[in-house]
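J.: Using this note's numbering, read the sequence shown as starting at 15 and increasing by one per residue.
Okay, handing you the structure first.
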Amino acid sequence: MASRLISLDRRRLLARALALSAAPTLSRVAAAAAIVNPPALLENEAGGYRILPAGTVFCGGAIPVSGHEIVHALVSPWVPLKDGYGFIQSYLKSIGRPVQALCGMELRSPQQMTFEAFRAFNAPYIEQLTKWDLMLGRYSAVCRTNVVPARDAPKEPSLHAFSYCVPSNYQGITFCISGTADIDQRGKVVAEGDVSPAGMKQRLQYCVDVITERLAELEVLTPLLELEQWQVVEVGFQVGAPFDRTWSCHEESSEPCWACRGCRAREAAFTQSGKADPMRVVRKL
Ligand SMILES: [Zn+2]
15 MASRLISLDR RRLLARALAL SAAPTLSRVA AAAAIVNPPA LLENEAGGYR
65 ILPAGTVFCG GAIPVSGHEI VHALVSPWVP LKDGYGFIQS YLKSIGRPVQ
115 ALCGMELRSP QQMTFEAFRA FNAPYIEQLT KWDLMLGRYS AVCRTNVVPA
165 RDAPKEPSLH AFSYCVPSNY QGITFCISGT ADIDQRGKVV AEGDVSPAGM
215 KQRLQYCVDV ITERLAELEV LTPLLELEQW QVVEVGFQVG APFDRTWSCH
265 EESSEPCWAC RGCRAREAAF TQSGKADPMR VVRKL
């Protein structure tokens, strides 16, 4: 049966997604105007990428300029942050990239910090970025995420991963984005103290909205977000997406478990669209 989706060509699908993503962009700019007035994307020429400026500690996101891609590097085991700077610098040197190619830092910290402690923690970090020529005016050129793991937290702030930009012929989209806290434009925690499902949902929705707006401002299109999962399967078959190399399982295993929520949702999506899941064939399950 021909679906509404099949009648949509790719250009119209993308145009719809753009129209949808334009609205929150405007509202963010309006809401942010009272506090700061961030410029449009800034270019880090030496690094080969453009950023969405946000503040001195982190940028909103980074996208490579033409002929480049962003690579994500996981550090295992984690390196204490104070040693992490040297680690990154020598690694980038070893692959022939300037340190200005660094565009993302993912940190893990032992415990939550007060606002004051967080400012003190960030001072040497900003100093390091300044030394590396990774401040574009007063804006950090580097995305950052800082997580306090509930289990197996490190003894000191540590480097979990970093991202960098390299010349490349890769045609797909790569980008890097900073995490966001559930703190609104006025510096207030969203639904503070409310741990009911409604309060938790409000905070989560706030974070999802912020990240969606950033993606739109970075001009990263997310047309699949508005589709049902079975529709995503249909679009995938139309464009020849390599479903045998996609992953839906929530379990940490080398094979899909076919039992978790992710696996069941995948199975339902393929069944509903009337297609066979190539993953089932490849994995002989
Ligand atoms: Zn699974």
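We treat Cβ as the ideally placed atom computed from N, Cα and C, and that holds for glycine.
Going by beta carbon distance, what residues of the same chain come within less than 8 Å of GLU281, once the five residues before and after it are set aside?
T.: To locate residue 281, count along the sequence shown from 1; it is residue 267. So the list reads TRP272 and ASP291, once near-sequence residues are dropped.
J.: Give a yes or no on whether the C-beta atoms belonging to ALA155 and LEU148 are separated by under 8 Å.
T.: Reading the sequence shown from its first residue, position 141 is the one you call residue 155. Reading the sequence shown from its first residue, position 134 is the one you call residue 148. Yes. Within cutoff.
J.: Work out the CA separation of LEU239 and SER35 for me, nearest whole Å.
T.: Counting from one through the sequence shown, the residue named residue 35 turns up at place 21. Counting from one through the sequence shown, the residue named residue 239 turns up at place 225. With a pLDDT of only 34 at SER35, under the threshold of 50, the placement of this residue in the model should not be trusted; the figure read from the coordinates follows. In a straight line, the C-alpha of SER35 is about 11 Å away from that of LEU239.
J.: Do GLU59 and ligand 1 come close, with the Cβ less than 7 Å from some heavy atom?
T.: Counting from one through the sequence shown, the residue named residue 59 turns up at place 45. GLU59: no, Cβ never under 7 Å from ligand 1.
J.: My parser needs the alpha helix (DSSP H) runs of 4 or more residues fully inside the region 233-288; what are they?
T.: For the region 233-288, whole alpha helix (DSSP H) runs of length 4 or above, ordered along the chain, are 243-253 and 275-287.
J.: Could you give the distance in angstroms between the alpha-carbon of PRO112 and the alpha-carbon of PRO124?
T.: The residue you call residue 112 lines up with position 98 of the sequence shown. The residue you call residue 124 lines up with position 110 of the sequence shown. If I take the Cα positions, the gap works out to 31 Å.
J.: Just how far apart, CA to CA, sit ALA46 and ALA212?
T.: On the sequence shown, residue 46 is found 32 positions in, with the first residue counted as 1. On the sequence shown, residue 212 is found 198 positions in, with the first residue counted as 1. Confidence is the limiting factor: at ALA46 the pLDDT is only 36, short of 50, which leaves the residue's position unreliable, though a coordinate-based value still follows. Taking the straight line from one Cα to the other gives about 26 Å.
J.: Assign LEU148 to one of three DSSP states: helix, strand, or coil.
T.: The count along the sequence shown starts at 1 and reaches residue 148 at position 134. LEU148: coil per DSSP, three-state reduction.
J.: Where does PHE72 fall in DSSP's three states?
T.: The residue labelled residue 72 in the question sits at position 58 within the sequence shown. Coil, per DSSP.
J.: Does ligand 1 have even one heavy atom less than 7 Å from the beta-carbon of CYS263?
T.: Your numbering for residue 263 matches position 249 in the sequence shown. Correct: CYS263 has its Cβ closer than 7 Å to ligand 1.
J.: When we look at the beta-carbon of MET214 and count the other beta-carbons within 10 Å, is it buried (16 or more) or exposed?
T.: Numbered from its first residue, the sequence shown carries residue 214 at position 200. MET214 comes out exposed.
J.: For THR188, count neighbouring C-beta atoms within 10 Å of its own C-beta (all shown protein chains included) and say buried if the count is 16 or more, exposed if not.
T.: Taking the sequence shown and counting its residues from 1, one reaches residue 188 at position 174. Buried, because 16 or more other Cβ atoms sit within 10 Å of the Cβ of THR188.
J.: What number of angstroms, rounded off, separates the C-alpha of GLU59 from the C-alpha of GLY81?
T.: Stepping through the sequence shown from its first residue, residue 59 is reached at position 45. Stepping through the sequence shown from its first residue, residue 81 is reached at position 67. When rounded, the distance between both Cα atoms is 13 Å.
J.: Just checking ALA283 against ligand 1 - is the residue's beta carbon closer than 7 Å to any of the ligand's heavy atoms?
T.: Counting from 1 along the sequence shown, the entry for residue 283 is found at position 269. Checking every heavy atom of ligand 1 against the Cβ of ALA283, none is found closer than 7 Å.
J.: Would you tell me roughly how many angstroms separate the C-alpha atoms of VAL224 and ILE84, rounded to the nearest one?
T.: Residue mapping note: residue 224 aligns to position 210 of the sequence shown, counting from 1. Residue mapping note: residue 84 aligns to position 70 of the sequence shown, counting from 1. Rounded to the nearest angstrom, the two C-alpha atoms are 22 Å apart.
J.: Determine the DSSP secondary structure at ARG133, reduced to helix, strand or coil.
T.: The count along the sequence shown starts at 1 and reaches residue 133 at position 119. Residue state, collapsed to three classes: helix.
J.: Residue range of the alpha helix (DSSP H) that ARG217 falls in?
T.: Along the sequence shown, read from residue 1 onward, the residue named residue 217 stands at position 203. Counting along the chain, the alpha helix (DSSP H) containing ARG217 begins and ends at 211-231.
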